[in-house]
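Numbering (the working numbering), first residue to last: 2 to 123.
Backbone N, C-alpha and C fix where the C-beta goes; we use that ideal spot for every residue, glycine too.
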């Protein structure tokens with residue numbers, strides 16, 4: 002019986018640590034400098050022509066020549082996907098949201114509201 006109490010306390014401590022491990026860190030909203038920094042990590046040397054930010058700071062779309070780089074929050078981190086610029090520029094806008102088609106990305110995450118979208122035709 003004397004070994005049961007320390008074992009019970011150890012189990013409670015482990016359960017508490019497991020619960021804390023599932024808490025997401027707060028992720029600050031994106032700004033233009035943050036977008037450039039994050040995209041530079043995944044696409045070193047990419048020339049960013051223009052950036053469109055989501056109003057809530059949870060996503061951004063950047064034009065890099067013939068590519069569109071889409072950055073969005075997933076949990077407590079950032080994920081980047083790229084697609085052809087023509088696909089991004091031609092994506093439909095419904096209810097103020099850009100509807101990107103990205104394989105392997107939830108449609109909910111691929112529907113940002115971007116300030117200043119759609120871009121002016123070149």
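When the beta-carbon positions are compared, residue 61 and residue 36 come within less than 8 Å of each other. If you check the CB distance, residue 66 and residue 50 come in under 8 Å. For residue 84, the enclosing beta strand (DSSP E) begins and ends at 78-85. Counting along the chain, residue 37 sits inside the alpha helix (DSSP H) bounded by residues 33-43.
Looking from the CA of residue 98, the closest CA among 89, 121, 20 belongs to 89.
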